[in-house]
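One structure below.
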Amino acid sequence: MTKMTNQATTNERLSALMDGELDNAQAQAVISELLQSGEMQTAWYEWHMQQDSQHGHPLLSPDFMAAFTSRLHAEPVVVAPQRLRRARPVRRLLVPLTAAASVAFIGVALWQGLYRPLTPAPAPLAVVSEPVVTAQVDPEAVRAYLSAHREAANSPLSAAEPMQLAFQPEAAH
833 MTKMTNQATT
843 NERLSALMDG
853 ELDNAQAQAV
863 ISELLQSGEM
873 QTAWYEWHMQ
883 QDSQHGHPLL
893 SPDFMAAFTS
903 RLHAEPVVVA
913 PQRLRRARPV
923 RRLLVPLTAA
933 ASVAFIGVAL
943 WQGLYRPLTP
953 APAPLAVVSE
963 PVVTAQVDPE
973 AVRAYLSAHR
983 EAANSPLSAA
993 EPMQLAFQPE
1003 AAH
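Count the sequence shown with my numbering and you get residues 833 to 1005, in order.
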């Protein structure tokens, strides 16, 4: 009876480990027990095989890991030779030349900035305001101009009165 009860508790703990229901300390205890017990390892394998078949995963043979490990050890170890390094004159000269070019560029930029000719900045041009010239209008000349054009265009306006009302020059200043 004790063996049955002990087996039931072992199966319960193994099932809880599979379901992820144990905390870290409990899981470590069950795993160490699993590594020492062949009976628990067989149960572990069978339960996972049942779970995989229920999920539709293909089944592996029980000695799959042993066969895989033996095949892995049987394969030859290929050691690739170390890459030969050739002396590349271009690469060997590239770093010092780029450093020298950088120093020369900075030197020229500083030299141009420090030794600029000291000429005063041009003064802004002053704008001279000139009086606005307005057109001088002679009212008599405008009346004569309009009268001539009115006659030429056969205007219905025969009297000069409407034009005189439309054009009234400003009072003389």
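Cβ coordinates follow ideal geometry from the N, Cα and C atoms, glycine included.
Residue 895 - DSSP class collapsed to helix/strand/coil: Position 63 of the sequence shown, counted from the start, is the residue given in the question as residue 895. Residue 895: coil per DSSP, three-state reduction.
Between which two residues does the alpha helix (DSSP H) harbouring residue 921 extend? For the purposes of this step, residue 921 is taken as the residue at position 89 of the sequence shown. Following the DSSP letters along the chain, one finds residue 921 inside the alpha helix (DSSP H) bounded by residues 921-946.
field: Residues near residue 863 in its chain [Cβ-Cβ closer than 8 Å; skip 5 each side]
entry: Reading the sequence shown from its first residue, position 31 is the one you call residue 863. Hits under 8 Å: 849.
Tell whether a beta-carbon distance below 9 Å holds between residue 866 and residue 876. Locating residue 866 in the sequence shown gives position 34, where the first residue counts as 1. Locating residue 876 in the sequence shown gives position 44, where the first residue counts as 1. Contact flag set, yes.
If you reduce the DSSP assignment to three classes, tell me which class residue 1007 lands in. With the chain covering 833 to 1005 only, the question about residue 1007 has no answer from this structure.
(Q) Let's see if you can read the secondary structure: which residues bound the alpha helix (DSSP H) around residue 866? (A) The residue labelled residue 866 in the question sits at position 34 within the sequence shown. Residues 856-868.
- Message: Taking a contact to mean a Cβ-Cβ separation below 9 Å, would you say residue 872 touches residue 854 in this structure?
- Response: By one-based count along the sequence shown, residue 872 stands at place 40. By one-based count along the sequence shown, residue 854 stands at place 22. Result no, Cβ atoms of residue 872 and residue 854 do not sit closer than 9 Å.
Under the three-state reduction of DSSP, which class applies to residue 904: helix, strand or coil?
Here residue 904 refers to the residue found at position 72 of the sequence shown. Residue 904 falls in the helix class under three-state DSSP.
Using a Cβ-Cβ cutoff of less than 6 Å, which residues in the same chain neighbour residue 911 once the five nearest sequence positions on both sides are dropped? The residue labelled residue 911 in the question sits at position 79 within the sequence shown. Hits under 6 Å: none found.
- Query: Quick one: Cα of residue 841 to Cα of residue 889, how far?
  - Reply: As a first step, residue 841 must be located in the sequence shown, where it is residue number 9. As a first step, residue 889 must be located in the sequence shown, where it is residue number 57. So the alpha carbons of these two residues sit roughly 29 Å apart.
Once DSSP output is grouped into helix, strand and coil, what is the label at residue 992? As a position in the sequence shown, residue 992 is number 160, starting the count at 1. Residue confidence is low: residue 992 scores 49 on pLDDT, short of 50, so the model does not pin down where it sits. Its coordinate-derived value is still stated next. Reduced to three states, the DSSP call for residue 992 is coil.
- Task: Can you grab the Cα-Cα spacing for the pair residue 870 / residue 885, in whole Å?
- Result: Working through the sequence shown from its first residue, we reach residue 870 at position 38. Working through the sequence shown from its first residue, we reach residue 885 at position 53. For residue 870 and residue 885, the distance between alpha carbons rounds to 23 Å.
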